Amino acid sequence: MTIAEEQSFRRAAERLHVSQSPLSRQMNDLEEEMGVELFEPDGRGIKLTAAGKVFAERARSILGSVDAAVEEAKEVAGGRLGTVVLGFEPGATFTGALASLVAAFRRRAPRIGLQLIAMSSAEQWVALRDGTIAFAYGNYAATDDALTCMEMTRDRLGMVLAHDHRLARRTKIRLHDLAGERVILEPRRLYPHLHADIIAAARAQDVSLAVISEVPDLEVLLALVAIGDAVSFLPRRTAALVTPMSSVVWRPVVDLDIKLSDVVTWRVKDADTPVVRALIDSAREVRPLLQHDAGLVASAPSGRRRRRQR
Numbered sequence: 003m004t005i006a007e008e009q010s011f012r013r014a015a016e017r018l019h020v021s022q023s024p025l026s027r028q029m030n031d032l033e034e035e036m037g038v039e040l041f042e043p044d045g046r047g048i049k050l051t052a053a054g055k056v057f058a059e060r061a062r063s064i065l066g067s068v069d070a071a072v073e074e075a076k077e078v079a080g081g082r083l084g085t086v087v088l089g090f091e092p093g094a095t096f097t098g099a100l101a102s103l104v105a106a107f108r109r110r111a112p113r114i115g116l117q118l119i120a121m122s123s124a125e126q127w128v129a130l131r132d133g134t135i136a137f138a139y140g141n142y143a144a145t146d147d148a149l150t151c152m153e154m155t156r157d158r159l160g161m162v163l164a165h166d167h168r169l170a171r172r173t174k175i176r177l178h179d180l181a182g183e184r185v186i187l188e189p190r191r192l193y194p195h196l197h198a199d200i201i202a203a204a205r206a207q208d209v210s211l212a213v214i215s216e217v218p219d220l221e222v223l224l225a226l227v228a229i230g231d232a233v234s235f236l237p238r239r240t241a242a243l244v245t246p247m248s249s250v251v252w253r254p255v256v257d258l259d260i261k262l263s264d265v266v267t268w269r270v271k272d273a274d275t276p277v278v279r280a281l282i283d284s285a286r287e288v289r290p291l292l293q294h295d296a297g298l299v300a301s302a303p304s305g306r307r308r309r310r311q312r
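Here it is in structure tokens:
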């Protein structure tokens with residue numbers, strides 16, 4: 003390309019800071035390898051042949067692509083370009099918590115693509131460990147030492163029931179009131195600790211819950227509750243957002259003391275990588291707003307490993 007631009011071996015050699023003879027030999031080797039002549043004499047200089055013009059155009063494009071590839075590699079290494087995969091609990095979309103996190107991340111890293119995959123907290127831990135996802139928004143604090151998390155907000159678990167249910171007129175409900183009621187829970191395999199905590203709380207009050215089914219989809223669960231098929235449990239904040247659209251009501255259960263946490267989780271070893279750092283900083287940015295919306299005046303310290311499970 004330099005020889006073509008200078009139309010002179012001497013000027014090209016000076017520009018490239020090499021001797022003219024090695025440059026001439028390299029060009030002869032290239033022409034011999036290709037089987038075509040790229041230059042021809044032109045007065046006291048040289049010019050591209052027809053084949054040389056075509057090759058020069060392609061070479062210019064190739065060199066431009068190489069430069070672009072180098073710049074893209076630098077952008078990716080600096081966390082300014084690429085794609086990051088985030089796992090999330092579907093319930094986070096109802097409260098707007100996930101949207102707030104994504105919006106903050108977009109402001110920090112506008113050129114990073116974000117792929118979202120719905121999965122339970124238990125599934126998130128597996129995906130984090132095997133590298134399928136880089137960041138997670140869930141409900142459980144992981145116990146794996148390879149993972150660390152930060153609590154975003156905390157909420158109280160209560161009951162959802164049809165608006166015309168016999169208990170709907172009460173402002174407060176006790177677990178004994180659920181005797182004989184059909185109950186729907188989220189699947190034990192996805193929410194083992196929540197499932198166990200609800201059952202244990204009922205047994206502590208000598209109540210045996212009649213769990214008729216386990217439903218993973220929140221919309222389906224709410225639809226079954228709305229038609230009076232059963233009652234279920236939801237965090238207060240989630241219920242406040244979905245009950246106006248689903249003909250169900252939320253009531254506190256005075257002797258059910260279960261607090262639920264939203265947490266973001268990532269691999270310890272990834273904490274200082276640019277993309278994950280941008281997600282962590284975005285979470286720290288929106289965390290006070292989420293806690294304010296949830297009515298929290300204080301919460302657990304951030305950025306450390308947490309053992310408490312939902």
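The sequence shown lines up with residues 3 to 312 when you count with our numbering.
Virtual Cβ for every residue (Gly too), placed ideally from N, Cα, C.
These numbers were taken from a predicted model, which means no experiment stands behind them.
- If you check the CB distance, P237 and L159 come in under 7 angstroms.
- In the DSSP assignment, L100 falls within the unbroken alpha helix (DSSP H) covering A99 to R110.
- The beta carbon of L100 sits closer than 6 angstroms to those of F90, A94 and Y139, all from its chain and outside the five residues before and after it, given in chain order.
- In the structure shown, the three-state DSSP call for S63 is helix.
- By the 16-neighbour rule on beta-carbons within 10 angstroms, T85 is exposed.
- Residue range L149 to A164 is occupied by the beta strand (DSSP E) that includes T155.
- Bounds of the beta strand (DSSP E) holding A138 are F137 to G140.
- Rounded to the nearest whole angstrom, the C-alpha separation of I200 and R239 is 18 angstroms.
- Counting only runs of 3 or more residues that sit fully inside the segment 212-283, the beta strand (DSSP E) segments are 212-216, 234-237, 250-253 and 261-269, in chain order.
- Listed in chain order, the beta strand (DSSP E) elements of length 3 or more contained wholly in the segment 18-70 are 41-44 and 47-50.
- Within the same chain, and ignoring the five residues on either side of L262 in sequence, the residues whose Cβ sits closer than 8 angstroms to its Cβ are N141, R156, D157, R158, L159, L196, P237 and R312.
- Under the three-pair Cβ rule at 8 angstroms, the segment 162-170 counts as touching the segment 229-236.
- Per DSSP, the continuous beta strand (DSSP E) segment holding T85 begins and ends at G84 to F90.
- The beta carbons of V213 and L187 sit closer together than 7 angstroms.
- Listed in chain order, the non-local C-beta contacts of E125 below 8 angstroms within the same chain comprise G89 and L192, local neighbours out to five positions each way being set aside.
- The C-alpha of L32 lies about 14 angstroms from the C-alpha of T51.
- Looking at S10, A285 and L25, the one whose alpha-carbon comes closest to that of L103 is A285.
- Going by DSSP, R184 is part of the beta strand (DSSP E) stretching over R184 to L187.
- Bridge pairing for I201: absent [DSSP].
- By the neighbour-count definition (other C-beta atoms within 10 Å, threshold 16), R253 is a buried residue.
- Annotation for I114: the continuous beta strand (DSSP E) segment containing it runs I114 to A120.
- Taking C-beta atoms under 8 angstroms as the contact rule, V185 and L211 qualify, at a distance of about 5 angstroms.
- Cβ-Cβ distances below 8 angstroms link R17 to T4 and E8 in the same chain, with the five nearest sequence neighbours on each side left out; the list follows chain order.
- Residue burial is scored here from C-beta neighbours: R205 has fewer than 16 other C-beta atoms within 10 angstroms and is therefore classed as exposed.
- Pairing F57 with T145, the inter-Cα distance amounts to about 60 angstroms.
- Going by DSSP, L130 is part of the alpha helix (DSSP H) stretching over S123 to D132.
- Taking C-alpha positions only, A111 is separated from P276 by approximately 10 angstroms.
- Around the beta carbon of G66, fewer than 16 other beta carbons sit within 10 angstroms, so the residue counts as exposed.
- Annotation: V209 to P194 spans about 19 angstroms, alpha carbon to alpha carbon.
- For A170, the CB contacts under 8 angstroms within the same chain, skipping 5 residues up- and downstream, are L163, A164, V251 and R253 in chain order.
- At the C-beta level, V288 and A15 stay beyond 7 angstroms of one another.
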